[in-house]
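Residue numbers (the working numbering), protein chains in the order written: chain A, 241 to 518; chain B, 241 to 518.
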């Protein structure tokens with residue numbers, strides 16, 4: 241297992257962690273200022289300056305782009321909606337290429353409005369990823385399916401376990417397709433160790449960290465800082481590294497509590513927790 | 241598949257649905273008034289009048305007791321805590337016998353305070369159920385393990401899938417041990433159909449219904465009335481009945497919205513939804 245205690249070279253800042261406080265330009269400068277080696281922008285932040293300018297500034301700063309968040313949101317009520325989602329995902333692939341991201345993270349989407357057919361939504365997701373792969377493989381941009389916690393099955397992602405993500409990779413082929421493991425979504429899974437091993441080095445494209453708070457007061461915006469909750473973070477990092485993962489630990493904390501803080505206090509906390517509890 | 245459209249003879253009222261408005265006495269009278277054939281009290285309601293008096297009144301009303309909610313909460317930080325939990329569960333078995341419940345529902349408990357060891361908590365649960373079975377089998381009271389949604393893994397139940405519950409039944413034996421299937425907790429599970437079939441008639445001891453709202457605004461107290469959310473209720477009822485389930489549909493709705501209503505309006509809504517969407 242790697243020793244991360246020395247610095248934050250293998251820490252990546254997912255920009256949503258300071259979404260309410262900082263622009264992308266400020267995030268880039270903040271990472272440099274606090275010795276954080278990677279960044280993972282959301283597309284809303286990317287649009288502030290455009291992908292080309294973002295690529296230039298991130299490159300000048302010497303940061304690794306651990307992912308672009310996010311593609312996905314595939315299921316739709318009709319063919320036109322599915323096509324629009326696919327077109328948008330192709331643009332996301334292109335932006336990910338422009339900024340040199342290691343992968344495009346896919347939050348695959350939930351039930352179309354009015355639908356109760358989760359099996360059908362899952363079929364749509366698989367079919368849309370298959371179509372997107374034609375473009376992403378040509379562009380040499382890996383797609384990382386991110387299983388989301390089952391509490392988001394209806395409205396954000398109907399891929400809710402690593403087993404499902406692995407099944408999709410089995411079906412569509414590993415070339416340019418893998419998985420983003422986010423602790424928040426998978427920590428509870430009794431099948432976690434087996435499915436991480438099944439994914440293996442080839443599929444493990446990203447590793448996102450935060451913590452599960454007790455109590456959790458909001459379904460979306462109450463994620464915890466690493467160490468403040470109940471997830472066995474180091475134990476799970478051990479699993480992904482035993483499976484061959486050698487990339488960054490990306491902090492993705494959606495939290496009203498942390499959005500109310502000065503980012504120049506948040507980032508040192510991320511660094512300290514990265515070194516001591518991740 | 242059974243036709244439930246004629247009446248509410250196979251509907252059971254879980255008392256938590258009107259917890260804030262009615263006493264157990266009022267729940268019993270309300271069921272009779274609205275033609276609801278079953279009742280499932282929580283232990284706090286049972287304590288109001290004592291199990292013996294509750295048994296007499298429920299019997300006089302001609303109601304079937306579809307379950308007693310709840311035993312469980314097994315994991316503890318030390319042996320004394322585990323023993324106290326076990327003792328309390330034995331009393332719950334005795335109360336379930338007194339009121340003639342079809343099963344004692346087990347919400348198994350989450351992580352002990354300060355713990356990040358979910359595998360250890362799961363081991364504690366299995367071991368405690370094994371011990372409780374010595375008492376419950378002698379008393380002829382079936383235990384129904386209720387898998388809870390993964391969003392409750394930390395603080396309410398570390399058994400989060402039907403697969404886990406089936407595994408425990410495999411390990412400890414089917415005699416006096418089964419499963420309570422609650423739609424709210426399992427609807428998202430990609431393995432749902434297979435695990436219901438695996439459970440089969442022998443293990444399917446209870447079937448709880450409500451709905452998953454979009455958006456869901458509270459992790460605990462925002463369950464939906466059947467038909468108001470995205471769960472394919474009839475599709476899942478078809479699965480449990482195809483597996484042999486022939487018991488009641490028990491409505492268990494924890495909801496601030498419905499707790500603010502007059503129960504004499506809530507119960508007719510339960511009946512109408514039972515007949516039309518369950």
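The beta-carbon is built from N, C-alpha and C at its ideal position, and this holds for glycine as well. Please read all numbers here as calculations on a predicted model, not as lab measurements.
Could you tell me the boundaries of the alpha helix (DSSP H) in which residue i lies?
{"i": "residue 252 (chain B)", "result": "Segment 251-254 is the beta strand (DSSP E) holding residue 252 (chain B); no alpha helix (DSSP H) there."}
{"i": "residue 480 (chain A)", "result": "473-482"}
{"i": "residue 303 (chain B)", "result": "Element bounds for residue 303 (chain B): n/a, residue is neither H nor E."}
{"i": "residue 343 (chain B)", "result": "Unbroken run through residue 343 (chain B): none, as it is neither H nor E."}
{"i": "residue 338 (chain B)", "result": "319-338"}
{"i": "residue 227 (chain A)", "result": "The structure shown has nothing for residue 227 (chain A), since chain A only spans 241 to 518."}
{"i": "residue 359 (chain B)", "result": "358-378"}
{"i": "residue 248 (chain B)", "result": "It is not in any alpha helix (DSSP H) - residue 248 (chain B) carries neither H nor E in the DSSP assignment."}
{"i": "residue 406 (chain B)", "result": "402-412"}
{"i": "residue 286 (chain B)", "result": "283-289"}
{"i": "residue 208 (chain A)", "result": "Examination of residue 208 (chain A) is not possible in this model, given that chain A is present from 241 through 518 alone."}
Can you list, in chain order, the residues of its chain with a C-beta nearer than 6 Å to that of residue i? Leave out the 5 residues immediately preceding and following it.
{"i": "residue 414 (chain A)", "result": "442"}
{"i": "residue 276 (chain A)", "result": "248, 251 and 253"}
{"i": "residue 395 (chain A)", "result": "350"}
{"i": "residue 507 (chain B)", "result": "270 and 274"}
{"i": "residue 456 (chain A)", "result": "462"}
{"i": "residue 417 (chain B)", "result": "383 and 409"}
{"i": "residue 519 (chain B)", "result": "Any question about residue 519 (chain B) goes unanswered here, given that chain B covers just 241 to 518."}
{"i": "residue 311 (chain A)", "result": "329, 332, 344 and 346"}
{"i": "residue 282 (chain B)", "result": "255, 256 and 309"}
{"i": "residue 379 (chain B)", "result": "333 and 337"}
{"i": "residue 488 (chain B)", "result": "250, 252, 278 and 306"}
{"i": "residue 241 (chain B)", "result": "478 and 481"}
Does the beta carbon of residue i come closer than 8 Å to any beta carbon on chain B?
{"i": "residue 391 (chain A)", "result": "yes"}
{"i": "residue 358 (chain A)", "result": "yes"}
{"i": "residue 276 (chain A)", "result": "no"}
{"i": "residue 400 (chain A)", "result": "yes"}
{"i": "residue 434 (chain A)", "result": "no"}
{"i": "residue 471 (chain A)", "result": "yes"}
{"i": "residue 430 (chain A)", "result": "yes"}
{"i": "residue 394 (chain A)", "result": "yes"}
{"i": "residue 459 (chain A)", "result": "yes"}
{"i": "residue 351 (chain A)", "result": "yes"}
Can you tell me where the beta strand (DSSP E) holding residue i begins and where it ends?
{"i": "residue 280 (chain B)", "result": "278-280"}
{"i": "residue 516 (chain B)", "result": "That residue, residue 516 (chain B), is in no beta strand (DSSP E); its alpha helix (DSSP H) goes 503-516."}
{"i": "residue 422 (chain B)", "result": "417-422"}
{"i": "residue 448 (chain A)", "result": "444-449"}
{"i": "residue 257 (chain A)", "result": "From DSSP, residue 257 (chain A) is part of no beta strand (DSSP E); its letter is neither H nor E."}
{"i": "residue 311 (chain B)", "result": "308-312"}
{"i": "residue 490 (chain A)", "result": "489-491"}
{"i": "residue 383 (chain A)", "result": "383-385"}
Taking the alpha-carbon positions, what's the residue i to residue j distance?
{"i": "residue 332 (chain A)", "j": "residue 343 (chain A)", "result": "11 Å"}
{"i": "residue 271 (chain B)", "j": "residue 351 (chain B)", "result": "37 Å"}
{"i": "residue 497 (chain A)", "j": "residue 464 (chain A)", "result": "9 Å"}
{"i": "residue 253 (chain B)", "j": "residue 424 (chain B)", "result": "16 Å"}
{"i": "residue 374 (chain A)", "j": "residue 447 (chain B)", "result": "44 Å"}
{"i": "residue 411 (chain A)", "j": "residue 359 (chain A)", "result": "16 Å"}
{"i": "residue 364 (chain B)", "j": "residue 409 (chain B)", "result": "15 Å"}
{"i": "residue 402 (chain A)", "j": "residue 433 (chain A)", "result": "10 Å"}
{"i": "residue 479 (chain B)", "j": "residue 393 (chain A)", "result": "20 Å"}
{"i": "residue 261 (chain A)", "j": "residue 510 (chain A)", "result": "16 Å"}
{"i": "residue 428 (chain B)", "j": "residue 391 (chain A)", "result": "8 Å"}
{"i": "residue 348 (chain B)", "j": "residue 313 (chain B)", "result": "5 Å"}
{"i": "residue 381 (chain B)", "j": "residue 454 (chain B)", "result": "37 Å"}
{"i": "residue 475 (chain B)", "j": "residue 243 (chain A)", "result": "50 Å"}
{"i": "residue 445 (chain B)", "j": "residue 295 (chain B)", "result": "20 Å"}
Please check if any C-beta of chain A sits within less than 8 Å of the C-beta of residue i.
{"i": "residue 404 (chain B)", "result": "yes"}
{"i": "residue 454 (chain B)", "result": "yes"}
Which residues in the same chain have their Cβ closer than 7 Å to the Cβ of residue i, if we skip the five residues on either side of it in sequence?
{"i": "residue 405 (chain A)", "result": "385, 387, 399 and 419"}
{"i": "residue 460 (chain A)", "result": "494"}
{"i": "residue 513 (chain B)", "result": "465, 466 and 467"}
If I'm right that residue i touches residue j with Cβ under 8 Å, what's the distance once you round it to whole angstroms?
{"i": "residue 304 (chain B)", "j": "residue 492 (chain B)", "result": "With a Cβ gap of about 16 Å, residue 304 (chain B) and residue 492 (chain B) do not count as contacting."}
{"i": "residue 483 (chain B)", "j": "residue 437 (chain B)", "result": "5 Å"}
{"i": "residue 368 (chain A)", "j": "residue 322 (chain A)", "result": "7 Å"}
{"i": "residue 490 (chain A)", "j": "residue 306 (chain A)", "result": "5 Å"}
{"i": "residue 361 (chain A)", "j": "residue 315 (chain A)", "result": "4 Å"}
Can you give me the Cβ contacts of residue i inside the same chain, cut-off strictly under 8 Å, excluding the 5 residues immediately before and after it?
{"i": "residue 473 (chain B)", "result": "423, 449, 451, 466, 467, 517 and 518"}
{"i": "residue 246 (chain A)", "result": "515"}
{"i": "residue 458 (chain A)", "result": "496"}
{"i": "residue 440 (chain A)", "result": "483 and 484"}
{"i": "residue 354 (chain B)", "result": "317"}
{"i": "residue 431 (chain B)", "result": "401, 402 and 403"}
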